[in-house]
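Using my numbering, the first residue of the sequence shown is number 1, and each one after it goes up by one. Positions of the beta carbon are idealized from the N, C-alpha and C atoms, including for glycine.
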Amino acid sequence: MSLLLAGAMCLLPFLIPYHQFPLRSFYPEWLAAALGLAAFAAALASPRFPALALPVPARWMIGFAAFLAVCAVARDAAYPQMSLWAVVYVLYAVLMIWLGACLVTATSLERTAGVLAACILAGALANAAAGVIQFYGRPVWLEDLVADLHGIRAYGNIAQSSLYANYLALGTAALLYLWASGRAGGALTGCAAALLVWAIALSDSRAALLYVLWFAALGAASARRQREGGRGGDMRRLRGAAFALAAALLVAYVAVPWFNRELGLGPAGVDDRVFNPLGDIRWQAWTLALRLFAGAPIAGVGIGEFAGAAFEAGLPREMTDKFEVWTSPHNQVLQLLAETGAVGAALVLAGVGAWCWQAWHRHRAALQPATWWIVAATGVELIHSLLEYPLWSAHFLGVTALLMGTMAGVPGRTSGEGGAVLHRVAAATACAVMAGILVLGLRDYWRLDLTRITGAGSALAGATATREAEILGRLGHGLLAPMAEFWLCIGAPLDRDNLAQKLRWSERVMHYFPSNAIVGRRAFFLALDGREDEAGRLIDRLARPSPEALRESVALLQRAQRVDQAAIAP
């Protein structure tokens, strides 16, 4: 049962086509966490669970969670809820690592890897088909099964093209493993590979090229090691298939856009990006993260505070828009350094390093397709983490931690009877607490989704406040306070009523999400409060966004000027 639930965690959250405000990935992340906790609870009931020692990488993650908790208590953060959610995510990863080790102990590495690979491959093929349908035109009868396309890059039901390519790469690695282990026939493998390669090309994610090159390099190194040991040819078959796949994807990145352009298929302009050099914005973000780290090298600026601290340090306005802002430097190592300092980053990197050492030595000793698949799939997530932030999403974090756990346990190592009881109690407590947080989070999210529009505009109406406004106000003190206060600030009337409250909201939200909409409102509220110099500096920051964002900012200031001409003087 635990293995089936773990497989469902690797499949079902990635099929949800609903991705809307206020948090686009909420339902996939929530479902992944719920299935992961259910799988862990099933493993907890197994008689084999108490004898298994906590894997070494999970111990480092527990240390990181403790560090985050200490920092949350020690510093006066704008939103302590950000630290709480970070601790929950880390403990979720700990449980998934532990679960992976438990599954291998209860069954075997081959069976666990086979089930997880089959589930991931099924999800990847479903998403690949969804992405192709989405790109070339979704029929009406599939509206409830396939997400709508916004933009020129396919993203299937994952709603973000880079994460989409990431998941398809996991499916590709799973396909290679299942073929090499004799669980998938040649014809099926060829058809599935063609669909995956075509869909990855439609995503226009350049990181996918790194993934397949990683598969080929790992296959080549494994085949060489196997040849030196005089063993069978499984790794040589994998190496050949991985090289063929890498070549096919390189060809597809040229051929698919040409095919679409020549036949007039799909949205226009999809072939204009892949061969362009990486823009300056990501390099600016990386430099900015290093500057923040230099300013707070020990414990960082605070978890979830990158966007606000970066804005204060000179966040380029290209990295923000009306309702969007870069909350990450698109490199999770640099984000850890900026937000948690050297201490937090060292704890996480020590855990990842310990796993890499364990996994590589176990793979070199076994040299079997199952270990290749685990190392290859985890490598995809680690590579992507250097370019974006996939592990900030619970469904990708859960899959990664689960796969890591399958090769993180030490065979034959037990915790003793006393340690077994302690582990069971601690695990059950963590599972129960996290389940409670999941329930409360779902309740608050439903309330936020229902009230963020209708309640925000009347939130300061005093005795005439609507029930929705009262609910939204209470959410400002709960688990989803950052998002609730964002919508309260967005909906706050541009006048002097309850100005102190508006200033508090806008100040806190600026630490969390300094988008143009928030910056403009903050500037107006400061002007109404007589703090023209501060307001002027913020307005100057609004003078350098994109043309579309500039028009939005000018419209906001024109609305505000009609309310108070003196406060918004030229």
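Proximity of the stretch 186-194 to the stretch 203-212 falls short of the contact definition, fewer than three beta-carbon pairs being nearer than 8 Å. Remark: fewer than three beta-carbon pairs, one from each stretch, lie closer than 8 Å, so the stretch 330-341 and the stretch 524-544 are not flagged as touching. Rounded to the nearest whole angstrom, the C-alpha separation of R111 and L347 is 32 Å. The beta carbon of L403 sits closer than 6 Å to the beta carbons of I374, A377 and T378 from its chain, once the five residues preceding and following it are set aside; these are given in chain order. The alpha-carbon separation between L125 and I158 amounts to approximately 13 Å. In this structure, L479 sits near L440, with a CB-CB distance shorter than 8 Å. Look at the beta carbons and you see the stretch 364-373 not touching the stretch 10-28: under three pairs across the two are nearer than 8 Å.
Put simply, the backbone Cα of I518 is about 22 Å away from that of D444. C-alpha of L68 to C-alpha of G182: approximately 45 Å in a straight line.
With a cutoff of 8 Å on beta-carbon distance, P493 and Y512 are scored as not near each other.
Counted as a single uninterrupted DSSP element, the stretch harbouring P55 is not any alpha helix (DSSP H), since DSSP gives it neither H nor E.
Going by beta carbons, A184 and R237 fall outside the 8 Å limit. Comparing alpha carbon positions, the residue from R452, W60 and C102 closest to G405 is C102.
Less than 8 Å divides the Cβ of L438 from the Cβ of A34. Contact between the stretch 84-92 and the stretch 105-119 is absent, with fewer than three C-beta pairs closer than 8 Å.
For A129, the closest of W198, W141, A86 and E143 by C-alpha to C-alpha distance is W198. By a beta-carbon distance limit of 8 Å, Y136 does not contact R508. Their separation comes to about 45 Å. Secondary structure note for E381: its alpha helix (DSSP H) is the uninterrupted segment P369 to S385.
If you look at A309, you'll find it in the alpha helix (DSSP H) that goes F306 to E312.
Look at H423 here: in three-state DSSP terms it is helix. Three or more Cβ pairs closer than 8 Å define a contact, and the stretch 239-249 meets that threshold against the stretch 212-224. For N166 against V352, the beta-carbon gap comes to about 17 Å, at or over 8 Å, which does not count as contact. T107: not part of any alpha helix (DSSP H); DSSP gives it neither H nor E. Counting only residues of its own chain and dropping the five nearest sequence neighbours on each side, A354 has a CB closer than 6 Å to the CB of V56 and P57. Where N516 is concerned, the enclosing alpha helix (DSSP H) starts and stops at N516 to L528. Note that the C-beta distance between L349 and A313 is not below 8 Å. If you check the CB distance, A296 and P514 do not come in under 8 Å.
For Q134 and Y389, the gap between their C-alpha atoms comes out near 24 Å. Minimum Cα-Cα distance from L44 among the listed residues A427, R225, A66 and W286 corresponds to A427. Rounded to the nearest whole angstrom, the CA to CA distance from A66 to L142 is 46 Å. Secondary structure note for W198: its alpha helix (DSSP H) is the uninterrupted segment G186 to S203. D495: not part of any alpha helix (DSSP H); DSSP gives it neither H nor E. The DSSP-derived three-state label of I437 is helix. In the three-state scheme derived from DSSP, where H, G and I count as helix and E and B as strand, G219 is classed as helix.
Under the three-state reduction of DSSP, N127 is assigned to helix. Taking a 10 Å sphere around the C-beta of R447, we find 16 or more other C-beta atoms and assign the residue as buried.
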